[in-house]
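The numbering used here puts the first residue of the sequence shown at 3, with every later residue one more than the last.
Everything on this sheet refers to the single structure shown next.
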Amino acid sequence: MFLSRRQFLKVSAGTVAAAAVADKVLALTALQPVIEVGNPLGDYPDRSWERVYHDQYRYDSSFTWVCSPNDTHACRVRAFVRNGVVMRVEQNYDHQTYEDLYGNRGTFAHNPRMCLKGFTFHRRVYGPYRLKGPLMRKGWKQWMDDGSPELTPETKRKYKFDSRFLDDMLRVSWDTAFTYAAKAMIIIATRYSGEAGARRLREQGYAPEMIEMMKGAGTRCFKHRAGMPVLGIIGKMGNTRMNGGINALLDTWIRKVSPEQAQGGRYWSNYTWHGDQNPSQPFWSGVQGSDIDLADMRFSKLNTSWGKNFVENKMPEAHWKLECIERGARVVVITPEYNPTAYRADYWMPLRPQSDGAIFLGAMKIIVDENMHDVDFLKQFTDAPILVRTDTLQYLDPRDVVADYKFPDFSKSYSGRIQSLKPEQVERLGGMMVWDHTKKQAVPLHREQVGWHYTNSGIDAALTGTYRVKLLNGREIDAMPVWQMYMVHFQDYDLDTVHQICRTPKDLLVRWARDSGTIKPAAIHNGEGVCHYFHMTANGRAAAMVLIITGNVGKFGTGQHTWAGNYKAGAWTATPWSGAGLAVHTGEDPFNITLDPNAHGKEIKTKSYYYGEEVGYWNHGDTALIVNTPKYGRKVFTGKTHMPTPSKFRWVVNVNVLNNAKHHYDMVRNVDPNIECLITQDIEMTSDVNHNDIAFACNSWMEFTYPEMTITVSNPWVQIWKGGIRPLYDTRNDLDTFAGVAAKLSDMTGDKRMKDYFAMVYANRVDVYAQRMLDASSTFYGYSADVMLKSEKGWMVMVRTYPRHPFWEETNESKPMWTRSGRYENYRVEPEAIEYGENFISHREGPEATPYLPNAIFTTNPYVRPDDYGIPITAQHHDDKTVRNIKLSWHEIMRHSNPLWEKGYQFYCVTPKTRHRVHSQWSVNDWVQIYESNFGDPYRMDKRTPGVGEHQIHINPQAAKDRGINDGDYVYVDGNPVDRPYRGWKPSDPYYKVARLMIRAKYNPAYPYHVTMAKHAPYVSTAKSVKGHETRPDGRAIAIDTGYQSNFRYGAQQSFTRNWLMPMHQTDSLPGKHAIAWKFKWGYQVDHHAINTVPKECLIRITKAEDGGIGARGPWEPVRTGFTPGQENEFMIKWLKGEHIKIKV
């Protein structure tokens, strides 16, 4: 702290005056006689101080509510109220009372539950950033008032569509907001309907495949996102109800079509858009995600954390991992950095980012070479014995070998009765054969011959060998078991090569391989961090395969599980006997509405008129993956089931979607100006609000005036709750906004069904929607919404095991998986996978985040035959690198260097989510700003600090010193200059100054030389926040008109990221389980086999911007102490070595 002479004199004078007053007060106190206290533990006569202490904790009433952000915990928290104001919150310690209909109960072991976010939530409720009523952008309102002219460059400028960030936000009434929103829906849907709408879209440059996906309906360009809807399935999913039902009714009114031809809007994803899904799991298991109740960790004897910082990020669930240590488990951590979980591990395996797959492949070579794989399990439960043709690389199909072959009738067995497979679907899945040692010939194997059914079949399938098979057409071909092919494949992954790829110490590679082969039960848990790399599909398949070949799946304490995102809408499971599950709320047929509040959930008629879409296509310039290739010309890599439509109307709830979007500033400058209406609803002044046309102000969890419901992925509870305080402002519940707009549409169109569709909202009977979902779900059948609400506690999701464990039935009861073969699958037969060189699991370099040849496949396996489409090895366009498949030896890959690396972009940047926030939520909470980084300062001594804290990037001390960067300095962080921070940027562009990231550098020796870390998604800089920072006397980065507070001075974490469209995530041929029903689906489903967000697929350059000291003078103050990492003085070095104390004997 530096003081001028004048400041010093002012402070000194004040101090002297205060001391004088204090002396008089203390003099009076000193006249009182001293009270003698013999034994203070036995008696303490002066207890008046207790009144002050007790008064701080006095309350009039209390209530419980659920803290339900996207952190997968949903803690039931108790709030204490005085004079109608929440004074504090506490953990509730009541999980031993949670129960189900069968008398099962929770245990004390789940207590306590609540983290810093719940502890500080009331500071958000009462904080200065709350939205206090509906808002509307001034230019957009004028555009509507002027008749909504088509968006030309001139109209975009006139009404500030191309500079929403500079426009004024007007406070409007709810009636006005609903009216304008409804009018916009009618205008935009009409504009883009029919051939006239298609013509407009062609003129705007959209791909014909995207226009075809519109199906003639303007409502198909409507994008609705229920942000993490499981967090509040009634209110958040109201957006999905609006999307399907109201949009379908609107389409029939505009186009005069029948209900059979009606189209709703597009349902925008969450789980995949966040990069939370492990995209490999639909491939090897057939289901959306594999995760457990975290209490299952108690059973593990080898617990590997792969890219998951459990201690920091699983908060109230982290104790289960620590409890497995108490029960004798060995804990291993695989991460680039030495994180808080690593120092609790038995050993830590550092690695080069995105080289994880090589570790697992190398481990499998050791496991196989040393005979540690489980042969019986491979034969009974995996695809290892299935014969693959060496010519086509497809399964050997019995229809090509056996005359008049017919598939078994599964109508009365598990595949037909439970998995709902129809004969034509069985045909589509195809057949398979194995080589029977007993018969010495290839014999058919069907999907139900797993486990004991395989054993009882009498087949003795070969795992190794090459076999000659004669086809019905007379040809003879070679076929090999999948396992034999992998024996060939593993040869590339010897210990020396794997060490060169991932740089993990050799002794640790061998140790973990042997542990994985000998310790049971074993589990590998990944976080969303590793999912944020382009090639997580291959890496995840490799991790799962380690466990599959050792029999560590489907048993307590085993499995390859993923941890991120509260995605599990499938918990409201649809079955033929219970009803449509979640769909009774999200997909009630708007042409057959049930208005009887007493109707059972199974009676609700459903039909989904909306269709899913990945947000990533909007984030990719609002386009699909279409590449002009030298070999084939224009090639569409986005499957038909995945194909997006043009975005013209967007309505999101409970999500700061633009703030959290990769390539944020490109979206603002180049994509969103083409969208004619942007609507968001939230509780706070977010970045999204500052860039939207309408903002609906919503109630917080504490203020809900009717019931809400949630479940989580990491514990077994379903909960219903209401708020306990009155709404502070002119705010509404989430569902009220959709009902309000629907009512206006009903008035404008004359269609009474639009209002009826939200009838229970107007009748204040929202509990009916909750009860219907419980009735219609196999997991909640028999529960009463009223009983659950009044109980103020959680209830168990009713599944067959506790802890919940995926694939328990398949492994322990020999039931077929939701895969093509009914088995755990390590080989892929999809034509796309073969074309992309991903039929086998191989290590691949990333398309950008690599010092070597981007996107190269490491293998010399002759059964990997990728197509490079003629794209040259020198191509640098992001889409060219995305689709180019080049197969090389490791030596050849190392010979090529990434041109971006050569230009100085030599840092990986990992962007994990933080324990202090959830995505961007809590970003401007004062306590969180102070706690979250090393630069929190409630006094803001350095006026450059954007708030009472600011963001930071962790960097290896030596890497920083080599670039002249001191600990605490401000630095510029730049991504690939071809398109970041946005396409078309110029140094002279004023917006470039807004968009270029400036951030504090923090020395952290836990990170390797070329690896940095900046936490995900704090509030971005906007033009207005930058103006506030540069013009306000206090320097705060706050918008003068809206009060929006940024966590940065300039730019954002998303300044250096971009979107990538992984081809393997866009197939139409991959079969698997429907996300919310017991039936098969092929290809795309929202949040399930879809493009994943991969923000870590980037390289950055870091350069010094300003000194870190106050006022940009000298080093940051803590550096002067000699106690900070990388700047240790002589004493600190001795202390770290344990040499500061001398023992004299």
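Just so it is clear, CB atoms sit at the ideal spot from N, CA and C, and this is done for glycine as well.
Q | Residues that Asp-976 bridges to, as DSSP identifies them | A | As computed with DSSP, Asp-976 is found in a beta bridge with Arg-1103.
Q.
On the DSSP bridge list, what partners appear for Cys-117?
A. The partner list for Cys-117 (beta bridge, DSSP) is empty, contrary to what the question assumes.
Q. Would Asn-41 be called buried (16 or more neighbouring beta carbons within 10 Å of its own) or exposed?
A. That one is exposed.
Q: Could you check what DSSP says for Trp-437 in three-state terms: helix, strand or coil?
A: Here Trp-437 carries a strand assignment [DSSP, helix/strand/coil].
Q) For the beta strand (DSSP E) that contains Val-39, what are its first and last residues? A) Segment: none, Val-39 is in no beta strand (DSSP E) and carries neither H nor E.
Q. In chain order, which continuous runs of the alpha helix (DSSP H) of length 4 or greater are located wholly inside the segment 269-300?
A. When DSSP assignments are scanned along the segment 269-300, the uninterrupted stretches of alpha helix (DSSP H) that are 4 or more residues long and fall wholly within it turn out to be 283-286.
Q) Hey, which unbroken runs of the alpha helix (DSSP H) at 4 residues or more fall wholly within the segment 614-650? A) DSSP runs (the alpha helix (DSSP H)) wholly in the segment 614-650: 617-620.
(Q) Let's see if you can read the secondary structure: which residues bound the beta strand (DSSP E) around Phe-1082? (A) The continuous beta strand (DSSP E) containing Phe-1082 extends over residues 1082-1084.
Q.
Suppose the cutoff is 6 Å on Cβ atoms and the five residues either side in sequence are ignored; what does the same chain contact list for Asp-695 look like?
A. Excluding residues within five positions, the ones whose Cβ falls inside 6 Å are Arg-139, Trp-142, Cys-679, Leu-680.
Q. What is the DSSP secondary structure of Phe-82, reduced to helix, strand or coil?
A. Residue state for Phe-82 is assigned as strand, using DSSP reduced to three classes.
Q: Might you give, ordered along the chain, the residues of its own chain that have their beta carbon closer than 6 Å to the beta carbon of Asn-656, omitting 5 neighbours on each side?
A: Counting only Cβ-Cβ distances below 6 Å, and skipping sequence neighbours, we find Gly-229, Lys-238.
Q. Whole-angstrom Cβ separation of Ile-369 and Thr-552, contact assumed at under 8 Å?
A. Indeed, because the Cβ distance is near 7 Å, the residues count as touching under 8 Å.
Q. Can the beta-carbon of Phe-1058 be found less than 9 Å from the beta-carbon of Pro-983?
A. For the 9 Å CB-CB criterion, Phe-1058 and Pro-983 form a contact.
**Q.** contact_flag[the segment 575-583, the segment 591-601] where n(CB pairs < 8 Å) is 3 or more
**A.** In short, these stretches do not touch, since the Cβ pair count stays below three.
Q: Decide if Met-943 is buried, meaning its Cβ has at least 16 other Cβ atoms within 10 Å, or exposed.
A: Exposed.
Q) Can you name, in chain order, every residue of its own chain whose Cβ lies under 7 Å from the Cβ of Ile-895, other than the five neighbours on each side? A) Cβ within range, chain order: Glu-847, Tyr-854, Leu-855, Ala-858, Phe-860.
Q) What is the DSSP secondary structure of Tyr-349, reduced to helix, strand or coil? A) DSSP places Tyr-349 in strand when its eight states are reduced to three.
Q. With 9 Å set as the bound, which would you pick, yes or no: does the beta-carbon of Ala-1077 sit closer than that to a beta-carbon of chain C?
A. Going by chain labels, chain C is absent from the structure shown, which holds only one protein chain.
Q: Would you mind working out which of Trp-286, Ser-415, Ile-294, Val-334 sits nearest Gly-309, comparing C-alpha positions?
A: Minimum Cα distance to Gly-309 is reached at Val-334.
(Q) Can you tell me whether Pro-1020 is buried or exposed? The criterion is at least 16 other CB atoms within 10 Å of its CB, across all chains shown. (A) Under this definition Pro-1020 is a buried residue.
Q: Leaving out five residues on either side along the sequence, give the residues of the same chain with a beta carbon under 8 Å from the beta carbon of Arg-806.
A: Closer than 8 Å at Cβ, skipping near neighbours: Ile-294, Asp-295, Asp-298, Pro-718, Val-799.
Q) How would you label Trp-810, buried or exposed, when you count the other beta carbons within 10 angstroms and need 16 or more for buried? A) Flag for Trp-810 reads buried.
Q. Excluding the five sequence neighbours on either side, which residues of its own chain have a C-beta within less than 6 Å of the C-beta of Leu-1230, listed in chain order?
A. Within the shown structure, residues of the chain are numbered from 3 to 1147, placing residue 1230 beyond reach of any answer.
Q. Buried or exposed: which applies to Arg-919, given that a residue is buried once 16 or more other Cβ atoms fall within 10 Å of its Cβ?
A. Buried, by the Cβ-count rule.
Q. Mind checking Ser-63: buried by the 16 CB within 10 Å criterion, or exposed?
A. Under the 10 Å beta carbon count, Ser-63 is surrounded by fewer than 16 other beta carbons and is classified as exposed.
(Q) Which residue wins for smallest C-alpha separation from Ser-816, given the options Glu-1099, Ser-417, Glu-92, Asn-568? (A) Closest option to Ser-816, Cα to Cα, is Ser-417.
Q | Burial state of Gly-330 (16 or more Cβ within 10 Å) | A | Result: exposed.
Q: Quick one: grab the DSSP three-state call for Tyr-95.
A: In the structure shown, the three-state DSSP call for Tyr-95 is coil.
Q: Express the C-alpha separation of Gly-44 and Glu-38 in angstroms, rounding to a whole number.
A: Spanning the two alpha carbons is a distance of roughly 13 Å.
Q.
As a quick exercise: from Arg-115, Pro-940, Gly-120, Asn-978, pick the residue whose alpha carbon is nearest that of Pro-71.
A. Cα-wise, what sits closest to Pro-71 is Gly-120.
Q.
In this structure, how does DSSP classify Met-1134 when only helix, strand and coil are distinguished?
A. The answer is helix: DSSP assigns Met-1134 an H, G or I state.
Q: With distances taken Cα to Cα, identify the nearest neighbour of Ser-716 among Ala-515, Lys-988, Glu-319.
A: Answer by Cα proximity: Glu-319.
Q: Tell me whether Pro-1065 sits in a helix, a strand or coil according to DSSP, three-state version.
A: Helix, per DSSP.
Q. Taking buried to mean at least 16 other C-beta atoms within 10 Å of its own C-beta, is Phe-312 buried or exposed?
A. The Cβ neighbour count for Phe-312, taken over all protein chains shown within 10 Å, is at least 16; the residue is labelled buried.
Q.
Assuming Val-548 and Ala-360 are in contact, meaning their beta carbons sit under 8 Å apart, how far apart are those beta carbons, in whole angstroms?
A. Contact between Val-548 and Ala-360 is ruled out by a C-beta separation of about 12 Å, above the 8 Å threshold.
(Q) Here's the rule: buried if 16 or more other CB atoms are within 10 angstroms of the residue's CB, otherwise exposed. What is Val-659? (A) Val-659 is buried by the Cβ-count criterion.
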